[in-house]
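Undergrad: Chains as they are written, first to last, in this note's numbering: chain V, -7 to 108; chain H, 1213 to 1326.
The beta carbon of each residue, even a glycine, is placed where N, CA and C say it ideally should be.
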């Protein structure tokens, strides 16, 4: 079955710096890669996602890149702010068009701390 | 639109008891998935329901079961509770169709087994 590895497990940056979190997956059938942000005591919140037919996607200060050949994808956060501090999870699934959403297989998470 | 809701938010049970958790998806969402979150194992997939049918199942024992009703609301049940079942149980809903794959999570039910 699918296995998702996420690195680093903790990341500390200064406000204004960039942060990069990397994930690798094992199942070549995976075609959907979301990223979730979870603040302490709150639900995971979808912040960005990418599908296997796209190499890069950007939304303001957040971007995700996907390398299907190498089976890895990364989250990039630019101009980090203290409110970006949270645990970030990557996930992969083999969703079917109009059918099963597939089961999301999650990485273990990265605790990002942004110091003012 | 209201988000995904889960009840109850907190639950304390004793070993050997059973528990039922409820999830109401976002209006119009027809798929509901359940996940278990623990500090040690992270987020793990339990099962997915669509049109009252279980479509996918994770690697959990048969003590974990679920169902979905015609209004897309879903319940999960855990029988013969063990201490290791203490966790945050999250459900996520998604809109099936038109290549929409996004899953949106509820606030979770914090289950403590003593």
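Is the shortest distance between the beta-carbon of residue 1376 of chain H and the beta-carbons of chain V less than 8 angstroms?
TA: Outside the displayed range of chain H (1213 to 1326) lies residue 1376 of chain H, so it cannot be described from this structure.
Undergrad: Just list the beta strand (DSSP E) runs in the stretch 22 to 49 of chain V, keeping only unbroken ones of 3 residues or longer that don't cross its boundaries, in chain order.
TA: You should have 24 to 30 and 37 to 43.
Undergrad: Measure the beta-carbon distance from residue 105 of chain V to residue 96 of chain V and round it to whole angstroms, keeping in mind my assumption that it falls under 8 angstroms.
TA: Contact doesn't hold; Cβ gap of about 25 angstroms is too wide.
Undergrad: Beta carbon of residue 1261 of chain H, beta carbon of residue 1244 of chain H: below 8 angstroms?
TA: In contact: residue 1261 of chain H and residue 1244 of chain H (Cβ atoms closer than 8 angstroms).
Undergrad: Report all residues from its chain with a CB closer than 6 angstroms to the CB of residue 1225 of chain H; omit the five preceding and five following residues, and keep chain order.
TA: Contacts found: 1231, 1293 and 1325.
Undergrad: Cβ closer than 8 angstroms: which chain H residues qualify as neighbours of residue 41 of chain V?
TA: Correct list: 1313 and 1314.
Undergrad: Under 8 angstroms, Cβ to Cβ, is there at least one residue of chain V near residue 1237 of chain H?
TA: Chain V, which has no Cβ nearer than 8 angstroms to the Cβ of residue 1237 of chain H, makes this no.
Undergrad: So with Cβ pairs under 8 angstroms, would you call residue 1245 of chain H a contact of chain V?
TA: For residue 1245 of chain H, the answer is yes, since a Cβ of chain V falls inside 8 angstroms of its Cβ.
Undergrad: At the level of alpha carbons, what is the spacing between residue 90 of chain V and residue 6 of chain V?
TA: Confidence in residue 90 of chain V is poor, its pLDDT being 49 and thus under 50, which makes the residue's placement unreliable; the coordinate value appears in the next sentence. Each residue's alpha carbon lies about 42 angstroms from the other.
Undergrad: What's the gap between the Cα of residue 1290 of chain H and the Cα of residue 52 of chain V?
TA: If you take the alpha carbons of residue 1290 of chain H and residue 52 of chain V, they lie about 42 angstroms apart.
Undergrad: Quick check on this structure: which residue in V/25, V/78 and V/76 has the alpha carbon closest to the alpha carbon of residue -3 of chain V?
TA: Minimum Cα distance to residue -3 of chain V is reached at V/25.
Undergrad: From this set, V/76, V/42, V/50 and V/74, which residue's C-alpha is nearest residue 65 of chain V's C-alpha?
TA: Among V/76, V/42, V/50 and V/74, the Cα nearest to that of residue 65 of chain V is on V/42.
Undergrad: Between which two residues does the beta strand (DSSP E) harbouring residue 3 of chain V extend?
TA: 2 to 6 is the extent of the beta strand (DSSP E) around residue 3 of chain V.
Undergrad: Does chain V have any CB closer than 8 angstroms to the CB of residue 1240 of chain H?
TA: False, the Cβ-Cβ gap to chain V never drops below 8 angstroms.
Undergrad: Enumerate, from N- to C-terminal direction, the unbroken beta strand (DSSP E) stretches of 3 or more residues contained entirely within the stretch 1261 to 1311 of chain H.
TA: Within the stretch 1261 to 1311 of chain H, the complete beta strand (DSSP E) runs of at least 3 residues are 1265 to 1269, 1276 to 1280, 1286 to 1290 and 1299 to 1306.
Undergrad: In terms of residues, what are the limits of the beta strand (DSSP E) holding residue 1233 of chain H?
TA: Residues 1231 to 1236.
Undergrad: Verify the CB distance criterion: does residue 97 of chain V have a CB-CB separation below 8 angstroms to chain H?
TA: Chain H contact via Cβ: present.
Undergrad: From the beta carbon of residue 80 of chain V, is the nearest beta carbon of chain H less than 8 angstroms away?
TA: Not one chain H Cβ lies under 8 angstroms of residue 80 of chain V.
Undergrad: What do you get for residue 23 of chain V, buried or exposed, if any count of 16 or more other CB atoms within 10 angstroms of its CB means buried?
TA: That one is buried.
Undergrad: Compile a chain-ordered list of the residues in the stretch 9 to 32 of chain V whose CB is closer than 8 angstroms to at least one CB of chain H.
TA: Against chain H - using a Cβ distance shorter than 8 angstroms - the residues of the stretch 9 to 32 of chain V are 24, 26 and 28.
Undergrad: Can residue 1258 of chain H and residue 1281 of chain H be called in contact, C-beta distance under 8 angstroms?
TA: Not a contact, by the Cβ cut-off of 8 angstroms.
Undergrad: For chain H, find out if any of its Cβ atoms is closer than 8 angstroms to the Cβ of residue 90 of chain V; answer yes or no.
TA: Low confidence applies to residue 90 of chain V: its pLDDT is 49, below 50, so where it sits in the model is not reliable enough to give any reading.
Undergrad: Secondary structure at residue 76 of chain V, three-state DSSP: helix, strand or coil?
TA: Reduced to three states, the DSSP call for residue 76 of chain V is helix.
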